[in-house]
Amino acid sequence: MAEVGLHDDGGRHLNPYLRFLLRRVAVGVVLAVLVSLLIFAATELLPGDAAQAILGKTATPEAVEVLRAQLGLDRPAVQRYLEWLAGIVQGDLGNSLSTRGPVTEAISGRVANSLILAGITSMIMIPVSLLLGAYAGTRPGRPGDLVVSGTSLAFIAVPEFVIATFLILLLAIGTDLLPPVSLVAPGTSPLATPLVLVLPVLTLLLASIAQNVRMVRAGVVDTMAAPYVQMARLNGLPEREVVLRHGLRNALPPAVQVIALNLQWLIGGIVIVEFVFQYPGVGQLLTQAVALRDIPLVQALAVLIAVLYIAVNIATDLVVVLLVPKLRTAGVQ
Amino acid sequence: MSARAAITVRGLRVETTAGDGVVEGVDLEVAPGSILGLVGESGSGKSTVALALLGYCQPGLRIAAGVVEVGGEDLLALPERAARSYRGRVVSYVPQDPQTALSPSQRIGDQVRRVLRRHAPERDAPETVATIFGRVGLPADAAFARRFPHQLSGGQQQRVAIAIAIACEPSVIVLDEPTTGLDVITQARILEEVRRLGRETGAAMIYVSHDLAVVAESADRIAVMYAGRFLEHGSTPTILRQPRHPYTAGLIGAIPDHRRFTRPSGMPGVAVGVGEWPAGCVFEPRCEQRVPACAVQEPPLEAVSGDHVVRCLEWRRTPAFTRLERLDEQVERHAAPLLAVDGLVAEYGAGGARRGVLHGVSLTVDAGHSVALVGESGSGKTTLARCIIGLHAPSAGTIELEGEGLAPRARARGAEARRRIQMVFQNPYDSLNPRQPIERQIAWPARRLRGMSAAQAGEEVGRLLETLRLPDRSRSRYPHELSGGERQRVAIARALAAGPDVLVCDEITSALDVSVQAAVLDLLGELRADLGLSLLFITHDLGVVSAIADQVLVLDRGRICETGAVRAVLGAPQADYTRTLVDAAPTLQDASAGGGS
Amino acid sequence: MTRAAASWRRLPRPGRAGLVVVLLILAIAVAGPWFAPYPPDASIGPPFAPASAEYPLGTDGIGQDVLSRVLSGGRSVLLLAGLATLLAYAVGVPLGLLAGYSRGVAGAIIMRGVDVLLAVPALLLLLVLATGAGAGAVVLVIGIAIVHVPQITRIVRAATLQTTGRAFIEAAEARGDSTARILGVEVLPNISGALLADVGVRFTGSVLLVAALNFLGLGLQPPASDWALMISENRSGISIQPWAVVAPAALLAALAVSVNLFADGIAQVYARASARRVEASA
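Chains as they are written, first to last, in the working numbering: chain A, 1 to 333; chain B, 334 to 930; chain C, 931 to 1212.
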């Protein structure tokens, strides 16, 4: 991730936060374009002819040629890329090879579903991770910490689909409380039948909270060992103030960065979880498209997800800058 | 003591959780308005004592015994909650490194007010902050109070720390090496502020430091610590003129004096650390006047006279203190200089952030001479060293070795040129590869630059270890197994392994204890005489200059402002900047004449 | 005390447990196929038959013996994850050294490339590669290596930068030592700790990614016996014959968790050792 920092010239020109934001957005746009290039190259330029793969091994060479011409694979790569890029910017994402319809139609509706899943998970995951991590980090080695750290150890690195499988076994099939799959009728929102969200969200939480808590805890332990925390105690400040204002407040920026790191993981987790629970989101669509080698659909989804991820990172960088005075005021003397 | 002591300590013992002693049997009393200087080298336990005066100790340690009486209460006997109300209000602490001790996310005015709010809420107001800042020599306006710590210079940060410490008008202030890391002129100013504050507030001050000269200028009384104990304790003039403990005498003898050109002498042996305390007198293994009884039992503190106590069985035999005069060797003059730098211009950074560091510096080093380059941090002295050795490319000017121009970068120079100029770096903990045994590190330059075979290089290593007074078994050791002084000697051996003509020493003793420094300087002096080595000695310490250099150049913000023979420049400085430096640098001479405040 | 015994003692308890379990699973994975009662890809029984004396863990959806498949299913994960990790280091370490040490344009170009790759979430990158190059083991290994290289390059570069600021490197440069010698003798041994701490994380990541892709059907294809593939194939019969899913799931989870614990233990030992070295200089 690009380095974070502001230059404050005393407010002569734009508000420094705005300037920072603009700079990061500019970098983000360049990054997005490069990523789109990467995605295009990976999907269309790799060995393994797309047309051949779609038609299968038994297709005749002529049939393959016809499909190639249809898909436009005989035109030079650079031209194809630029046309595709232009299309994205104008909102035309091409036509899906599997549905034969516009990609935008296939995607719309599903984006909201995935966002709901991601949103609910984040809203629970972030506060819980921060609180548990802070709790464990401010009393390292004591019973409270041992319980939290010990429990996390057991869950870290367990693959999501394994967690999902066991949850389904225990809660859906063993009891009858929850549906084993999260089917949602097309056109309706999953929020109308909230029970279908429980298992997917629970899976994502169990898979991610442990890792987050661990890293937040480590950051808190480091901060609490800092000289200024000892100095606060030597000034006789009440312990509560020492912990909250001097300790945790300064442990916040690295914790935020930990969270940002995990959002990357969350994207992968959502893909798997949607697949397991057959949840009609963008992730499930992506896996289907990959299996069918529906290139335009894959390209569009990949670019969409990547751009979203870049945007989230810019937002977290902004939050970090807001929290760290040193970065805010670099340059003022 | 006639006046009631502001703080009294009896029988303080601090140990690690494993039971190893860190501080043992410490007693002290400080009267209001007076300053006690607590002096000790690294590992002496002085910082631990400083924290214990607030009833606090670092994690991993515990206060095992003792009484710390302040304001009528024994801090160590109080429950934690009650003790907290004394910290910052009755006893306060000024930390060593203000940069890490001030909270980075709080404005400095707020940090003062927090402490006020806790201990003296009726005075918590912006006006109080302004007053306090004014008293420590900081701007009193509201805009300044809104700054964050990283927006201040080192000296300003330290003043903020002092401001927080005096905010609640405590009766005892503990200062733990408050001027370490500040340049000499800022240090002198801060010390003056501290003395003035002491007089104004009538607080008792305990000034902890490794630098006896600094302490001696301010303190009324001095206590010398070694291996967790007080070895000697008395008024400043007495200690300086008639030290009774061999360690104290050794310490004073190791301190160079830039006004009197004395020759500093080191003490044999290595300082003792935690968990290594010998039975009997802790100094016995290194003591030159020891008798068999010294190794049996620890000596008690004995009174020499009045308030002068010493912990030594043989203190009567301690010789009257004399200093060694520095001998100026006669070195032959050559027609042409060995090393010549002309009009050197150097810069750092790129594009818009480019800043000039050296603005046309010229100097010469004759064969066999010892030249010192003196400057504060930011003067460009390290840059100059790096240009000479080929680590930094100057933007203009020439460097010549015996008339032959040297390429800017070391890689571009011939092997001979690289061999003939060698450098020893400042930080002994950083200049050796942690993952290689000592032998390989010393042998490599001999093999690479002098073409020696492995066998020949091995012999050379043995010879060098002996010359630098390191035991031969150091060969197979790794750097982290050696002390700072030993590592620096290895670094010197490594440089000498290339058989150089010029040795560039960049602040090589700044990171060492003063007694270790004296030993290293001594050694260098010998090497110079025996090998005919030329030295270019870069330092900020005028005492070191007076001990080792024949000529001195004074560097001020990238320009040479004065140059000449060392006695002339330090004795009668011509340039203003030089004069300021000479006056600001602490010496024992002033102190032993009149004593503290 | 031998070095091995000394290292064992320094490892924290969870790390020791992790090591033991890893070795156990390694044993099962490597030696398992020799103990399999039936050939793993032969349909020898009725589909989803419950556990019995004949089939200790029952059969799966197409009648293959679950026990045999479980015993044979570990090799693929370990082999693929191991290869991918090795490949990633083979590329990432030199790139990182170069990026950290060079003062010129090369370092900047490498890091911009790293930034671009890091802007794409790992699974997404793998899915994209699978679309373009097709499913299969080769794509899997290369793809996972590509996912890891940017992170390794970053870590190696950061460690290299930290080391090159130190005086003993400058001493070597002033001596005129060659870049190869400086990187190999002065830099590399001093970043080995950071690398060691990272290996465990990388390998765990590789295991998880291999499993994820196999599960999605984009890695190994049936009739290969692979734990993740088994979980995916037999999900439909989970209410009738849970063992076909639970057995491989338990082993996979145990592998991932124990590798992580062990890696974590090593990282802690390294952190403590370097802290002690720093303390010795304070």
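We put the beta carbon where it would ideally sit given N, CA and C, even for glycine.
Here the structure is a predicted model, which means the values were calculated and not measured.
Thr731 of chain B - partner residues in DSSP beta bridges: Here residue 731 of chain B corresponds to residue number 398 of the second sequence, with the count starting at 1. Looking at the DSSP assignment, Thr731 of chain B forms a beta bridge with B:Asp675.
Proximity to Arg820 of chain B [Cα-Cα], best of B:Asp353, B:Glu533, B:Ala844: Here residue 820 of chain B corresponds to residue number 487 of the second sequence, with the count starting at 1. Of the listed residues, the one whose Cα sits closest to Arg820 of chain B is B:Ala844.
I'd like the ranges of any beta strand (DSSP E) spanning at least 3 consecutive residues and lying wholly in the region 846-920 of chain B. 867-872, 884-889, 892-898
Quick one: residues in its chain with C-beta nearer than 6 Å to the C-beta of Pro986 of chain C, no 5 flanking neighbours on either side, listed in chain order? Sequence index remark: in the third sequence, residue 986 of chain C carries index 56 (1-based). Excluding positions up to five away in sequence, the list reads Leu997.
Rounded to a whole number of angstroms, what is the C-alpha to C-alpha distance between Pro490 of chain B and Ser377 of chain B? Locating residue 490 of chain B in the second sequence gives position 157, where the first residue counts as 1. Locating residue 377 of chain B in the second sequence gives position 44, where the first residue counts as 1. Note on residue identity: the sequence assigns Gln, not Pro, to residue 490 of chain B. When rounded, the distance between both Cα atoms is 27 Å.
How long is the line joining the alpha carbons of Ile881 of chain B and Glu749 of chain B, rounded to whole angstroms? Here the question's residue 881 of chain B lines up with position 548 in the second sequence. Here the question's residue 749 of chain B lines up with position 416 in the second sequence. The alpha-carbon atoms of Ile881 of chain B and Glu749 of chain B are separated by roughly 27 Å.
So, at 7 Å on beta carbons, what are the nonlocal neighbours of Val303 of chain A in its own chain, with the 5 sequence-adjacent residues on each side left out? Within the first sequence, the letter at position 303 stands for residue 303 of chain A. Same-chain partners within the cutoff: Ser36, Ile39, Ile88.
Limits of the unbroken alpha helix (DSSP H) element including Ile368 of chain B: Locating residue 368 of chain B in the second sequence gives position 35, where the first residue counts as 1. That residue, Ile368 of chain B, is in no alpha helix (DSSP H); its beta strand (DSSP E) goes 368-373.
Check whether chain C comes within 7 Å of Glu3 of chain A, counting only Cβ atoms and requiring the distance to be less than that. Along the first sequence, read from residue 1 onward, the residue named residue 3 of chain A stands at position 3. Interpretation of Glu3 of chain A is limited by its pLDDT of 39, a score under 50 that renders its predicted location unreliable; no figure is taken from the coordinates.
State the start and end residues of the unbroken beta strand (DSSP E) segment that holds Arg555 of chain B. Here residue 555 of chain B corresponds to residue number 222 of the second sequence, with the count starting at 1. Here residue 555 of chain B is Ile; the residue named in the question, Arg, does not match the sequence. Here the beta strand (DSSP E) through Ile555 of chain B covers 554-559.
Given a limit of 8 Å on CB to CB distance, which residues of the region 245-256 of chain A reach chain B? Arg245, His246, Arg249, Asn250
7 Å is my cut-off, CB to CB: does Phe758 of chain B come that close to chain C? Within the second sequence, the letter at position 425 stands for residue 758 of chain B. By this cut-off, Phe758 of chain B is an interface position.
Can you tell me whether Asn15 of chain A is buried or exposed? The criterion is at least 16 other CB atoms within 10 Å of its CB, across all chains shown. Translated into positions along the first sequence, residue 15 of chain A becomes position 15. When all chains shown are included, Asn15 of chain A counts as exposed.
According to DSSP, what are the bridge partners of Gln299 of chain A? Translated into positions along the first sequence, residue 299 of chain A becomes position 299. Its beta-bridge partners do not exist; DSSP assigns none.
Quick check: the Cα distance between Gly1026 of chain C and Ile1076 of chain C, rounded to an integer number of angstroms? Against the third sequence, residue 1026 of chain C aligns to sequence position 96. Against the third sequence, residue 1076 of chain C aligns to sequence position 146. Their Cα atoms are separated by approximately 14 Å.
Which residue or residues does DSSP assign as beta-bridge partners of Ala537 of chain B? Position 204 of the second sequence, counting from 1, holds the residue named residue 537 of chain B. B:Val505, per the DSSP bridge assignment.
Do the region 1155-1163 of chain C and the region 1175-1186 of chain C meet, that is, are 3 or more Cβ pairs less than 8 Å apart? By the Cβ criterion, the region 1155-1163 of chain C is in contact with the region 1175-1186 of chain C, since at least three pairs of Cβ atoms, one from each stretch, lie closer than 8 Å.
In the DSSP assignment, find the alpha helix (DSSP H) that holds Ala769 of chain B and state where it starts and stops. Numbered from 1 along the second sequence, position 436 holds the residue referred to as residue 769 of chain B. Per the sequence presented here, residue 769 of chain B reads as Gln, with Ala not at that position. Gln769 of chain B -> no alpha helix (DSSP H), and no H or E assigned at all.
Selection from A:Ile209, A:Leu206, A:Pro179 that minimises the alpha carbon distance to Val196 of chain A: For this step, residue 196 of chain A is matched to residue 196 along the first sequence. With distances taken between Cα atoms, Val196 of chain A lies closest to A:Pro179.
At a CB-CB cut-off below 7 Å, which residues of chain B make contact with Arg1096 of chain C? Translated into positions along the third sequence, residue 1096 of chain C becomes position 166. Per Cβ cutoff of 7 Å: Asp763.
Give me the Cα-Cα distance between Thr931 of chain B and Leu717 of chain B, rounded to the nearest whole angstrom. Past the boundaries of the shown model lies residue 931 of chain B; chain B is included only from 334 to 930, so the question cannot be answered.
For the region 340-395 of chain B, list the beta strand (DSSP E) runs that are entirely contained and at least 3 residues long, ordered along the chain. You should have 340-349, 354-363, 368-373.
Beta carbon proximity, Pro200 of chain A to chain F, threshold 7 Å: The question asks about chain F, but that chain is absent: this structure's protein chains are A, B and C.
Nearest CA to the CA of Leu387 of chain B: which residue from B:Ser367, B:Ala351, B:Val342, B:Arg619? Residue mapping note: residue 387 of chain B aligns to position 54 of the second sequence, counting from 1. Comparing Cα-Cα distances from Leu387 of chain B to each of B:Ser367, B:Ala351, B:Val342, B:Arg619, the minimum goes to B:Val342.
Within the same chain, show all residues whose beta-carbon is closer than 8 Å to that of His591 of chain B, passing over the 5 residues directly before and after it, in chain order. Your numbering for residue 591 of chain B matches position 258 in the second sequence. If you ignore the 5 residues before and after His591 of chain B, its C-beta comes within less than 8 Å of the C-beta of Leu875, Gly876, Val878, Ser879, Leu903, Val915, Ala918, Thr920, all in its own chain and listed in chain order.
Where do the N-terminal and C-terminal ends of the alpha helix (DSSP H) with Gln755 of chain B fall, by residue? Taking the first residue of the second sequence as position 1, residue 755 of chain B is located at position 422. It is not in any alpha helix (DSSP H) - Gln755 of chain B instead sits in the beta strand (DSSP E) that spans 754-757.
Rounded to whole angstroms, what is the Cα-Cα separation between Leu45 of chain A and Leu1013 of chain C? Sequence index remark: in the first sequence, residue 45 of chain A carries index 45 (1-based). Sequence index remark: in the third sequence, residue 1013 of chain C carries index 83 (1-based). Each residue's Cα considered, the two are about 25 Å apart.
Whose CA, out of B:Asp474, B:Arg532, B:Pro511, lies closest to the CA of Ile523 of chain B? The residue you call residue 523 of chain B lines up with position 190 of the second sequence. With distances taken between Cα atoms, Ile523 of chain B lies closest to B:Pro511.
Gly1130 of chain C: which of C:Val1187, C:Gly1037, C:Trp1173, C:Leu1113 sits nearest, CA to CA? Looking up residue 1130 of chain C in the third sequence gives position 200. Comparing Cα positions, the closest option is C:Val1187.
Quick one: list the residues of chain A neighbouring Gly421 of chain B, beta-carbon separation under 9 Å, in chain order. As a working note, residue 421 of chain B is residue 88 in the second sequence. In chain order: Leu234, Asn235, Gly236, Leu237.
Along the region 278-290 of chain A, where does the CB come closer than 7 Å to a CB of chain C? Name the residues. Leu286, Thr287, Val290
Less than 7 Å separating the beta-carbons of Ala908 of chain B and Glu895 of chain B? Within the second sequence, the letter at position 575 stands for residue 908 of chain B. Within the second sequence, the letter at position 562 stands for residue 895 of chain B. Yes; because the gap between Cβ atoms is below 7 Å, this pair is in contact.
Could you tell me the distance, in whole angstroms, from the CA atom of Gly927 of chain B to the CA atom of Leu634 of chain B? Taking the first residue of the second sequence as position 1, residue 927 of chain B is located at position 594. Taking the first residue of the second sequence as position 1, residue 634 of chain B is located at position 301. Reliability fails at Gly927 of chain B, whose pLDDT of 41 lies under 50, so the model's placement of it is uncertain and the value that follows must be treated cautiously. Going by the C-alpha atoms only, they are around 26 Å apart.
Minimum Cβ-Cβ distance from Gly818 of chain B to chain C less than 7 Å: As a first step, residue 818 of chain B must be located in the second sequence, where it is residue number 485. Answer no: the Cβ-Cβ gap between Gly818 of chain B and chain C never drops below 7 Å.
Look at Val213 of chain A and Ser129 of chain A and say whether their C-beta atoms are less than 7 Å apart. If you number the first sequence from 1, residue 213 of chain A lands on position 213. If you number the first sequence from 1, residue 129 of chain A lands on position 129. Yes, the Cβ-Cβ distance between Val213 of chain A and Ser129 of chain A is below 7 Å.
Applying a beta-carbon distance threshold of less than 8 Å, which residues of chain B neighbour Tyr228 of chain A? Taking the first sequence and counting its residues from 1, the one referred to as residue 228 of chain A is at position 228. Simply Thr433, Ala434, Leu435, Ser436, Pro437.
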